[in-house]
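Accompanying notes for the structure given below.
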Amino acid sequence: MVLKKDIHGKVHPTDIEMQEFDNTKTGVKGLVDSGVDKIPRIFLHEEYMHEKKPIPTKSELSVPVIDFAACSLDELVDRVREASEEWGFFQIVNHGIPTSLMNKVVDGVREFHEMEDGVKKEYYSRDFKNKVLYNSNFDLYKAKSANWRDTLYLIMAPDPPKPEDIPQVCSDTIIEYSNHIKKLGIEIFELLSEALGLKSDHLKEMDCANGLYVTAHYYPPCPEPGSTLGFSSHTDSGFLTLLLQDQIGGLQVLHKDEWVNVPFCPGSLIVNIGDLMQLITNAKFKSVYHRVLANNLGPRISVAFFFRMHIQETNDSRIYRPIEELLSDENRPIYRGATAEEIVKCRYTNGLDGVPLLSHFKLKTKSDAP
């Protein structure tokens, strides 16, 4: 990585510290293993440190929980529609994926991140075209502050890596779990299609379920959790995300200007609407901000499966734009057309810069004119 110099030919000290951190190839876990009791300044989040924290009370707001076994099809469609329009987030239970397999996935991800440094370093890279790679902070050199998190990344569809290319400690479980997630994802896309008043296969026929990108996060315990974040506030760039998290907690979703905790629920999966889904539904379904707090407990493990194509994963030049059947004189398109790769590239180019990703794709209106 070539560091940028200012007009005086000097490199900013924090850029040097980021480079030194990156060069260790041991991530945040390497810092914790070294015994740090204060976080390096590249991890300081000034805005979060000065954020007015609410007095701990039991909030009346809670992310919807949908029981797939307790609802009729019509009820499921209604619940999914309501959650997607109002929250952009919901938890599902009795979804058909064995809890035992989910636990194995969490254990396998933990085992990978806790392998010897020499073994993990073989996967360390910032070339996101690789089908399997590991690093800390995908946007390390773009974000204002680094996050207290390490990640294993995998492209699991449409062209997955060879099984032997996936770390052995989690290969079998990741492959098996991916197959379950693909099937469940298609079921959810069918519910979302019907919730939009479309045929059940509409979103599938739009190839929304073709790509599957995985981020397996490891959040080590943090000595100063009030000074940093595990994951900065962001939206997801894809169509749909299915998230598995362990019992540590820390995930929050922004709803009605309030950060709402998304607690661990045994056997559940978290579903959230992505930016591409908001684009094609013309903002009927909401892609909302969420974040992960740092914690002095841990490690926290979470595994996110994003239904989207990855960078240069396909030569498909399909343009995604608001679905025609959802538009009318009263509901004109908000967004311009864009390829899925264009939206994902925008995220990787800008990092988590605090600017809404879809703002780059909004159509200008008369009210926007100077």
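According to this note's numbering, the sequence shown is numbered sequentially starting from 11.
By construction, the Cβ of each residue, glycine as well, lies at the ideal position given by its N, Cα and C atoms.
Please go through the same chain and pick out, in chain order, the residues whose beta-carbon is closer than 7 Å to the beta-carbon of His370, but skip the five residues on each side of it. Cys356
Sequence-distant residues of its chain with Cβ nearer than 7 Å to Glu234 (five each side left out): Lys48, Ile49
Take the Cβ of Asp256 as the centre, count every other Cβ of all protein chains shown within 10 Å, and call the residue buried at 16 or more, exposed below. buried
Less than 8 Å separating the beta-carbons of Lys39 and Asp117? no
Between the CA atoms of Thr36 and Gly45 - distance to the nearest angstrom: 14 Å
Between which two residues does the alpha helix (DSSP H) harbouring Gly284 extend? Here Gly284 belongs to no alpha helix (DSSP H), and DSSP marks it neither H nor E.
Out of Ala350, Ile26, Lys372, Asn157, point me to the one whose CA is closest to Cys232's CA. Asn157
If you draw a straight line from the alpha carbon of Leu303 to that of Gly240, how long is it in whole angstroms? 5 Å
Cβ neighbours of Lys20 in the same chain (closer than 8 Å, five flanking residues each side left out): The predicted position of Lys20 is uncertain, since its pLDDT is 45 and thus under 50; a value taken from the coordinates is nonetheless stated next. Taken in chain order, the list of residues that qualify is empty.
Inter-stretch contact at 8 Å, needing at least 3 Cβ pairs: the segment 289-304 / the segment 86-99: yes
Proximity to Pro309 [Cα-Cα], best of Arg346, Tyr228, His105: Tyr228
Euclidean distance between Cα positions of Glu61 and Val263: 16 Å
Name the DSSP beta bridge partners of Ser312, please? His227, Gln255
Which stretch, first to last residue, makes up the beta strand (DSSP E) that contains Val38? Segment 37-43 is the alpha helix (DSSP H) holding Val38; no beta strand (DSSP E) there.
At the level of alpha carbons, what is the spacing between Gly260 and Val272? 7 Å
Straight-line gap, Pro380 to Lys374 (C-alpha atoms, nearest Å): Confidence at Pro380 is low in this model, with a pLDDT of 47, below 50, so the placement of that residue is unreliable and no value is reported for it.
Compute the distance between the beta-carbons of Pro5 and Gly221, then report whether it is under 8 Å. Nothing can be reported for residue 5, as the shown portion of the chain is limited to 11 through 380.
Is Gln262 helix, strand or coil when you go by DSSP? strand
Residue from Leu279, Thr245, Cys275, Asp149 whose Cα sits closest to the Cα of His265: Thr245
Taking the alpha helix (DSSP H) that Ser94 falls in, what are its first and last residues? 83-96
Within 10 angstroms of the Cβ of Gln288, are there 16 or more other Cβ atoms? Answer buried if so, exposed if not. buried
Grab me the residues of Glu335's own chain with a C-beta within less than 7 Å of its C-beta, minus the 5 sequence neighbours each way, in chain order. Leu208
Taking the straight line between their C-alpha atoms, what separation do you get for Gln414 and Val313? Past the boundaries of the shown model lies residue 414; the chain is included only from 11 to 380, so the question cannot be answered.
Among Tyr345, Ser338, Ala348, Ile283, nearest to Arg91 - alpha-carbon criterion: Ile283
First and last residue of the beta strand (DSSP E) that includes Tyr58? Counting along the chain, Tyr58 falls outside any beta strand (DSSP E), though it belongs to the alpha helix (DSSP H) covering 56-59.
Spatial neighbours of Asp77 within its chain, please: C-beta separation below 6 Å, excluding the five flanking residues on both sides. Val103, Asn104
Would you grab the beta carbon distance between Ser94 and Phe295 for me? Rounded to a whole angstrom, and I think it's under 8 Å. 4 Å
Buried or exposed: where does Ile17 fall if 16 or more other Cβ atoms within 10 Å of its Cβ makes it buried? Bear in mind that a pLDDT of 43 at Ile17, under 50, signals an unreliable position, so the number given afterwards is only what the model happens to contain. Ile17 comes out exposed.
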